[in-house]
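Going line by line, the protein sequences match chains A and B.
The working numbering numbers the first residue of the first sequence as 1 and each following residue consecutively.
The working numbering numbers the first residue of the second sequence as 247 and each following residue consecutively.
Even for Gly, the Cβ is constructed at its ideal location relative to N, Cα and C.
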Amino acid sequence: MVAISVDQPAPRSHVIAVSDLSFTWPGRNGFALAIERFVLPARERLLLIGPSGSGKSTFLGLICGILTPQVGRIDVLGTDIAGLSAAARDAYRAEHFGIIFQMFNLLPYGTVIDNVLLPLSFAPERRRRVIAKGSAEQEAARLLRRLGLAAELVRGPLAAKLSVGQQQRVAAARALIGAPELIVADEPTSALDRDRQTAFLDLLFSETSEAGATLIMVSHDESLAARFDRVMRLDEITLAGQKDNS
Amino acid sequence: MIVLRLALQSLRNRWVTALLTVLAIAVSIVLLLGVEKIRTGARQSFADTISGTDLIVGARSGSLNLLLYSVFRIGNATNNVSWQSYQDILARPEVAWAVPLSLGDSHHGFRVLGTTGDYFKHYRFRQTQGLTFGAGAPFDDLFDAVVGADVAAALGYRVGDPIVVSHGLGSVSFIEHDDKPFRVSGILAKTGTPVDRTVHVSLEAIEAIHVDWQSGGRIPGQSVSADEVRGMDLKPKAITAALVGLKSKLATFRLQREINEYRAEPLSAILPGAALQELWGLVGIAETALTVVSAMVVATALLGMVTMILTTLNERRREMAILRSVGARPRTILALLMAEAGVLTLTGIALGIVLLYIGLLALQPYVDRSYGLNLPIDAPKPAELVSLLSIAVAGCLAGLLPALRAYRLSVADGMTVRT
Numbered sequence: 001m002v003a004i005s006v007d008q009p010a011p012r013s014h015v016i017a018v019s020d021l022s023f024t025w026p027g028r029n030g031f032a033l034a035i036e037r038f039v040l041p042a043r044e045r046l047l048l049i050g051p052s053g054s055g056k057s058t059f060l061g062l063i064c065g066i067l068t069p070q071v072g073r074i075d076v077l078g079t080d081i082a083g084l085s086a087a088a089r090d091a092y093r094a095e096h097f098g099i100i101f102q103m104f105n106l107l108p109y110g111t112v113i114d115n116v117l118l119p120l121s122f123a124p125e126r127r128r129r130v131i132a133k134g135s136a137e138q139e140a141a142r143l144l145r146r147l148g149l150a151a152e153l154v155r156g157p158l159a160a161k162l163s164v165g166q167q168q169r170v171a172a173a174r175a176l177i178g179a180p181e182l183i184v185a186d187e188p189t190s191a192l193d194r195d196r197q198t199a200f201l202d203l204l205f206s207e208t209s210e211a212g213a214t215l216i217m218v219s220h221d222e223s224l225a226a227r228f229d230r231v232m233r234l235d236e237i238t239l240a241g242q243k244d245n246s
Numbered sequence: 247m248i249v250l251r252l253a254l255q256s257l258r259n260r261w262v263t264a265l266l267t268v269l270a271i272a273v274s275i276v277l278l279l280g281v282e283k284i285r286t287g288a289r290q291s292f293a294d295t296i297s298g299t300d301l302i303v304g305a306r307s308g309s310l311n312l313l314l315y316s317v318f319r320i321g322n323a324t325n326n327v328s329w330q331s332y333q334d335i336l337a338r339p340e341v342a343w344a345v346p347l348s349l350g351d352s353h354h355g356f357r358v359l360g361t362t363g364d365y366f367k368h369y370r371f372r373q374t375q376g377l378t379f380g381a382g383a384p385f386d387d388l389f390d391a392v393v394g395a396d397v398a399a400a401l402g403y404r405v406g407d408p409i410v411v412s413h414g415l416g417s418v419s420f421i422e423h424d425d426k427p428f429r430v431s432g433i434l435a436k437t438g439t440p441v442d443r444t445v446h447v448s449l450e451a452i453e454a455i456h457v458d459w460q461s462g463g464r465i466p467g468q469s470v471s472a473d474e475v476r477g478m479d480l481k482p483k484a485i486t487a488a489l490v491g492l493k494s495k496l497a498t499f500r501l502q503r504e505i506n507e508y509r510a511e512p513l514s515a516i517l518p519g520a521a522l523q524e525l526w527g528l529v530g531i532a533e534t535a536l537t538v539v540s541a542m543v544v545a546t547a548l549l550g551m552v553t554m555i556l557t558t559l560n561e562r563r564r565e566m567a568i569l570r571s572v573g574a575r576p577r578t579i580l581a582l583l584m585a586e587a588g589v590l591t592l593t594g595i596a597l598g599i600v601l602l603y604i605g606l607l608a609l610q611p612y613v614d615r616s617y618g619l620n621l622p623i624d625a626p627k628p629a630e631l632v633s634l635l636s637i638a639v640a641g642c643l644a645g646l647l648p649a650l651r652a653y654r655l656s657v658a659d660g661m662t663v664r665t
């Protein structure tokens, strides 16, 4: 993979801009996160590195609008999501974010297709985009095929029957469906062995650039760094880590 | 909608616990509605036992006691009515008919009732139905007996069979009127009333089997044979009670008062309907207790459902985190969990109703035959529908408990599950 793709002309200068942000968990032994400035240019592939407990999950929660900072702005695609109501933030996340977890991404009792289609129930804009191309099921199947899931697995079984690697591909398809602007991946490869890690990242990269999406991936594995446009350590952008634990 | 489909699939994924929860609710519903059916069935059966009789006359006692021993063969008379008093009442101009009843003996646990042929003519049950003979005819000879359907069925009697009446009311008696056996002259058709469990003989026969008796035992050394007794004066000296029919219902209360004030002997006259009301007042407490118990069972079932949902909540935090990550609002998760409780409750109620009617259809003939209880198979009454509706609402509200907890968890967890 070519590591440099930033010099493509971007429609927006950045998809995320955080400024003067301060967040403290309510009543949780004072864990706090403060970010003076953080900017994510459009279409960038950012690797965020930090040991566990460094506030990665808190940071992602803030970016995705699940947590709200006590102070500061979080601009996502030009909207200050910190200023939105909780319901509007949930709707905003549904519309603009595709999220992949470390593990347990799928609803185990749902079919593969249903799992992929799930975000469309909450994101009318993404649904419209998908339906413009044909049916939602077709698009889900197309994504799954492109992500290398065998055809018989696409139609068939419950998500619980898939291997971990297959589940991560389904999760990627769910994140990508309807072309959200931002893909957030929280250690998506840590449950995979090295070969499958590489294969999964190849697929994720090609699909995100195909869709023109920006990718934030969180990992503690610095060996992945070479493949990203930018690598950032969380402690580089945060002012305060764990107040009490440090 | 995919979210709802996934919620149902989630439930199906836990089908064993879900099924048990639904069954618990269904059984509680069967109990609740079943108690109501039995209650109305029992009331109806009691109310249907006697109709067409305007007054029941007996020795001075509580009206309930008089009703129970004269009609339902429950309990015993405290005293008798003299034959003279009975004749006086019969002679009243407003009285259309009066049927004497004489109780006190039994046959294999079935009561023996001394009466007249008029009994078969005037006794009415289920509003208008009269007694009909399944076989044979009313008693004709002094030692003829007419048995109820249950007596015939239980003891395998056919017309012409000989039977021996026992003194007293125990099912096993050591004192038998074996010197004067009876012959079955007729078998009554099934009525679903205590008549089925009664052996009917003539008043004279009751007198005849007791001619050589005194104070509940045979007079030693004095034995009158069956043939000798036919020649004796068998006019009864006393009866236990009498059913009275009037020419006009308007006279009912006046005659009742006059009988109650009868000078020659302390008597009671009761209206069967009024006495039944008194009975309902008495058993009403038991009925309420039963209803309360079944309501508790319903509450227990709903509590079980809440427990079931609550215990699965921890393992479903990932599910909720995933839903949150794709944009579901905490409120959506609240609604999903309440919907789950609602689906379980409604399925339980529906299954309960189905089970109840299957049970009613299967058991109704048996219950009618064995207990003379005619269980109504009809649509649920408005009151029952209201209680079903309140159970459905209560189920959804009970779902609020786990739903609120899930709401709090999903707000706190966000997309990361700390387990």
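CB-CB length for residue i against residue j, believed under 8 Å
{"i": "B:LEU492", "j": "B:ASP334", "result": "B:LEU492 to B:ASP334, Cβ: 15 Å. No contact."}
{"i": "A:ALA159", "j": "A:VAL112", "result": "6 Å"}
{"i": "B:ALA484", "j": "B:GLN502", "result": "Contact doesn't hold; Cβ gap of about 21 Å is too wide."}
{"i": "B:VAL303", "j": "B:VAL490", "result": "6 Å"}
{"i": "B:ILE296", "j": "B:PHE366", "result": "Actually they are not in contact, since the Cβ atoms of B:ILE296 and B:PHE366 sit about 15 Å apart, beyond 8 Å."}
{"i": "A:ALA32", "j": "A:PHE23", "result": "7 Å"}
{"i": "B:GLY376", "j": "B:ARG443", "result": "Not a contact, Cβ separation roughly 18 Å."}
Contacts around residue i, its chain only, beta-carbon distance under 8 Å, and the 5 residues preceding and following it disregarded
{"i": "A:GLN168", "result": "ILE100, ASN105, PRO188, THR189, ALA191, LEU192, PHE200"}
{"i": "A:SER246", "result": "Bear in mind that a pLDDT of 35 at A:SER246, under 50, signals an unreliable position, so the number given afterwards is only what the model happens to contain. Excluding residues within five positions, none has a Cβ falling inside 8 Å."}
{"i": "B:PHE385", "result": "GLY363, ALA391, VAL392, SER431, GLY432, HIS446, VAL447, SER448, ALA451"}
{"i": "A:GLY50", "result": "LYS56, VAL218, HIS220, ARG233, LEU234, ASP235"}
{"i": "B:THR263", "result": "MET554, THR558"}
{"i": "A:ALA179", "result": "ARG126, ARG129, ALA211, GLY212, ALA213"}
Between the CA atoms of residue j and residue i - distance to the nearest angstrom
{"i": "B:VAL411", "j": "B:PHE428", "result": "8 Å"}
{"i": "B:GLU507", "j": "B:ALA344", "result": "19 Å"}
{"i": "A:ILE216", "j": "A:TYR109", "result": "29 Å"}
{"i": "A:ARG230", "j": "A:ARG155", "result": "37 Å"}
{"i": "B:ALA649", "j": "B:ILE579", "result": "7 Å"}
{"i": "B:ASN322", "j": "B:SER316", "result": "9 Å"}
{"i": "A:GLU152", "j": "B:ALA253", "result": "25 Å"}
{"i": "A:ILE63", "j": "A:ILE183", "result": "11 Å"}
{"i": "A:PHE205", "j": "A:LEU147", "result": "11 Å"}
{"i": "B:VAL341", "j": "B:ASN620", "result": "32 Å"}
{"i": "B:GLY588", "j": "A:ILE237", "result": "48 Å"}
{"i": "B:THR374", "j": "B:LEU635", "result": "37 Å"}
{"i": "A:ALA91", "j": "B:LEU631", "result": "40 Å"}
{"i": "B:ALA625", "j": "B:ILE595", "result": "15 Å"}
{"i": "B:LEU250", "j": "A:LEU60", "result": "28 Å"}
{"i": "A:MET1", "j": "A:SER85", "result": "Only weak support is given to the placement of A:MET1: the predicted model assigns it a pLDDT of 39, under 50, and the value that follows is read from those uncertain coordinates. Roughly 40 Å between the two C-alpha positions."}
{"i": "A:ARG53", "j": "A:ALA34", "result": "Reading off the sequence shown, one finds Gly at residue 53 of chain A, where the question assumed Arg. Their Cα atoms are separated by approximately 15 Å."}
{"i": "B:GLY714", "j": "B:THR591", "result": "Residue 714 of chain B cannot be examined here, being either before or after the span of chain B that is shown, 247 to 665."}
{"i": "A:ILE16", "j": "B:ARG570", "result": "21 Å"}
{"i": "B:LEU347", "j": "B:LEU480", "result": "16 Å"}
{"i": "A:SER5", "j": "B:GLU565", "result": "Note that A:SER5 has pLDDT 43, beneath the 50 cutoff, so the model's placement of it is unreliable and no number is given."}
{"i": "A:LEU144", "j": "A:ARG194", "result": "21 Å"}
{"i": "B:GLY641", "j": "B:GLY380", "result": "52 Å"}
7 Å CB neighbourhood of residue i in its chain, flanking five on each side removed
{"i": "B:ALA383", "result": "SER431, GLY432"}
{"i": "B:ALA293", "result": "LEU522"}
{"i": "B:ALA638", "result": "THR591, LEU592, ILE595"}
{"i": "B:LEU606", "result": "LYS283, LEU621, ILE623"}
{"i": "B:THR324", "result": "ALA305, SER307"}
{"i": "A:GLU181", "result": "VAL15, LEU77, HIS96, ALA213, THR214"}
Chain-order list of residues whose beta-carbon lies under 6 Å from that of residue i (same chain, five-residue window excluded)
{"i": "B:SER256", "result": "none"}
{"i": "A:GLY241", "result": "At A:GLY241 the pLDDT is 45, less than 50, meaning the model places this residue with poor confidence and gives no usable figure here."}
**Asked** Using 8 Å as the Cβ pair cut-off and three pairs as the minimum, do the region 89–102 of chain A and the region 118–135 of chain A touch?
**Response** yes
**Message:** Count Cβ pairs between the region 396–406 of chain B and the region 421–433 of chain B that sit closer than 8 Å; are there 3 or more?
**Reply:** yes
**Inter-stretch contact (C-beta, 8 Å, three-pair minimum) for the region 278–297 of chain B and the region 262–269 of chain B** = no
**Request:** Give, in chain order, every unbroken run of the beta strand (DSSP E) that is at least 3 residues long and sits entirely within the region 342–382 of chain B.
**Result:** 356–361, 379–382
**Item:** Touch test, the region 60–79 of chain A against the region 114–123 of chain A, Cβ-Cβ under 8 Å, three pairs minimum
**Value:** no
**Message:** Contact between the region 269–279 of chain B and the region 538–546 of chain B is defined here as three or more beta-carbon pairs at a separation below 8 Å; is this criterion met?
**Reply:** yes
**Asked** At a cut of 8 Å, does the region 640–657 of chain B reach the region 564–583 of chain B through at least three beta carbon pairs?
**Response** yes
**Prompt:** Which full runs of the beta strand (DSSP E) of 3+ residues lie inside the region 25–57 of chain A, going along the chain?
**Reply:** 32–40, 45–49
**Request:** Pick out the complete alpha helix (DSSP H) segments inside the region 462–548 of chain B, 4 residues or longer, and give them in chain order.
**Result:** 472–476, 498–506
**Asked** Can you give, in chain order, each stretch of the beta strand (DSSP E) that sits fully within the region 183–237 of chain A and has at least 3 residues?
**Response** 214–219, 230–233
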